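Positions -11 to 161 (our numbering) are the ones given, in order, by the sequence shown. Even glycine gets a Cβ: it sits at the ideal position worked out from N, Cα and C. The structure presented is a predicted model; accordingly, all values stated were derived computationally and were not measured.
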Amino acid sequence: MNTENATPIEKNPQVDRQVKPERIERKPTGELVLHLAGNDKPIEDVRIARCFPWSIPECYISIRGPDGKEIVLLRRIDDLDQASRRIVQEELTDKVFNPRIRAILEYKREFDIIRIKASTDRGEVIFQIRTRDDVRIISDSRALFRDVDGNTYELEDVNQLDSASRKHLREFF
């Protein structure tokens, strides 16, 4: 990483929640570079992360430095220029594995582990959850499942599933 022109985060007095990102660029190497308003030097090798609530995915986007510390909390992705917005959306799509469940194909409980085979918007997946703590109920019909590997699977609306899928998931709703 070329840090010659980059501002060290801990020495940058402009890095706080009041600072606005001027633009975000992707270098040919794939590394993201953040340009802050009022700061001449870019911050290199930044990361993008979606924050809770996940129910509004276009809001609350965290831009973090290479050390993982938040530099800027972007309240709305629309606050970015079009090119920066495209880069952030690509980054979130490419880096975040968050398939949406369309149907439950198999559901097995063995030794307090639930094995689920699901049809999702990204194809068929098989994942395991250990306890109810791995299921976050967002509303009466929406949930997030976190598998043993930390991947998240979204169920947008249990009422939109077929009856067999709903029957498998009734213990959570």
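Thinking just about the alpha-carbon of each residue, which of D69, N86, G111 and D145 is nearest to the one in N139? N86
For F40 and G56, I'd like the C-alpha separation in whole angstroms. 17 angstroms
Tell me whether V136 is buried or exposed, calling it buried when 16 or more other Cβ atoms sit within 10 Å of its Cβ. exposed
By alpha-carbon positions, which one of I104, S129, Q77 and A91 ends up nearest to A37? Q77
Hey, would you say L143 sits closer than 8 angstroms to I89, going by beta carbons? yes
What residues in its chain sit with their C-beta under 6 angstroms from that of A25, if we drop five residues either side in the sequence? K8 and E10
Report back the beta-carbon spacing between D145 and S129 to the nearest angstrom; my notes put them in contact at under 8 angstroms. 5 angstroms
Helix, strand or coil at S153 according to DSSP, with G and I counted as helix: helix
Let me know the secondary structure DSSP gives A106 once reduced to three states. strand
Cβ atoms of R64 and E46: under 8 angstroms apart, would you say? yes
Exposed or buried, which one is E(-2) when buried takes at least 16 other CB atoms within 10 Å? Caution applies to E(-2), whose pLDDT of 41 falls short of 50 and renders its modelled position unreliable; the model cannot decide the point.
Return yes when the Cβ of L68 is within less than 8 angstroms of the Cβ of I125, no when it is not. no
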